[in-house]
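What follows is one structure encoded as structure tokens, with my remarks underneath.
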Amino acid sequence: VEPTVEEHLAEMPVARFLAARLRERSPATAKKDSAQLRALWEFAARRGFVNQFPMMRPIHVPERVPSAWMADEMDRLIVAARAHTGDIAGVPAGLFFEALILTCYETGERISAVLSLRWGDVRANLVTFRAESRKRRTRDIVRGISPVVTNALEKIRRDRELVFEWDRCKANLWRHMGLILKRAKLPADRQSKFHRLRKTCASYAAAAGIDPQRLLDHSN
């Protein structure tokens, strides 16, 4: 017999589920699951589907020092990207990943927004990331790019809508990035993929006297 909503949304089943998530996933993932469960449980309690409101222990996420690439590591990463072999949607993989990594680094945008970038939003030394592709989806954001990035993008320009057309399973993007990192003799764990480029951008911006919070469009 399938358990009822009240049997699912009870202290012990939820506690066991979150304990399992803490064993299997990161504390941040478990905390996100906890927040979503709490919202669902509170909704069910207000509507009378369950008899009690959430009873859940807080999950604490350690605050880590952000990891960024040093200048010489970025050089090695770009060299390794250029050497990547194969073809991606009609573009040499080396050119594709060089342009992708440089765009992520110079703009500081999340990989999801960069992958959604359209040629119509690339204008000389500026790129526009549309609200629909950004995390909060509330506003467009314009970023300047150097001649180096402009040149890298022109090398992969094709007659299509998306700048970074990806013609295979999306999960393979991170696998390819891992191969490039290993070729560059850099860490290739899940903390060292595209989001580390965003942190690198923020770190060098801060060193140059630019507000990294504003650059990354963070609320705090």
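Residue 18 is where the sequence shown starts when you use the numbering used here, and the numbers rise one by one after that. Glycine included, C-beta positions come from ideal geometry on N, C-alpha and C.
So, are the CB atoms of Thr217 and Ala85 less than 8 angstroms apart? It is a contact, given that the beta carbons lie within the stated cut-off.
Run through DSSP, which three-state label would Ile128 get? Reduced to three states, the DSSP call for Ile128 is helix.
Decide if the region 20 to 27 is in contact with the region 67 to 74; the criterion is three or more beta carbon pairs, one per stretch, under 8 angstroms apart. Contact holds: three or more Cβ-Cβ distances are below 8 angstroms.
For Pro109, list the residues DSSP reports as bridge partners. Its beta-bridge partners are Asp104.
What is the DSSP secondary structure of Leu179, counted as helix, strand or coil? strand
At the level of alpha carbons, what is the spacing between Arg154 and Glu126? 13 angstroms
Straight-line gap, Asp89 to Phe211 (C-alpha atoms, nearest Å): 17 angstroms
Classify His235 as buried or exposed, calling it buried when 16 or more other Cβ atoms lie within 10 Å of its own Cβ. exposed
Starting from Val144, trace the beta strand (DSSP E) both ways and give me its first and last residue. Leu143 to Phe146
For a test of your reading of the model: does the CB of Ser220 fall under 7 angstroms from any non-hydrogen atom of the ligand MG? Yes or no. Ligands in the displayed structure: none, and consequently the ligand MG is not present.
Using the beta-carbon count (16 or more within 10 Å), is Ile227 buried or exposed? exposed
Three or more beta-carbon pairs under 8 angstroms between the region 157 to 165 and the region 92 to 101, yes or no? The region 157 to 165 vs the region 92 to 101: no contact.
Is the region 110 to 117 touching the region 141 to 161 in the sense that three or more CB pairs, one from each, lie closer than 8 angstroms? no
On the DSSP bridge list, what partners appear for Gly226? Paired residues: none, contrary to the question.
In the DSSP assignment, the alpha helix (DSSP H) including Ile95 goes from what residue to what residue? Ala88 to Arg99
Considering just the uninterrupted stretch of the alpha helix (DSSP H) at Gly195, what are its terminal residues? Ala188 to Arg200
Look at Val78 and Ala45 and say whether their C-beta atoms are less than 8 angstroms apart. yes
Environment of Met72 [buried if 16+ CB atoms lie within 10 Å]: exposed
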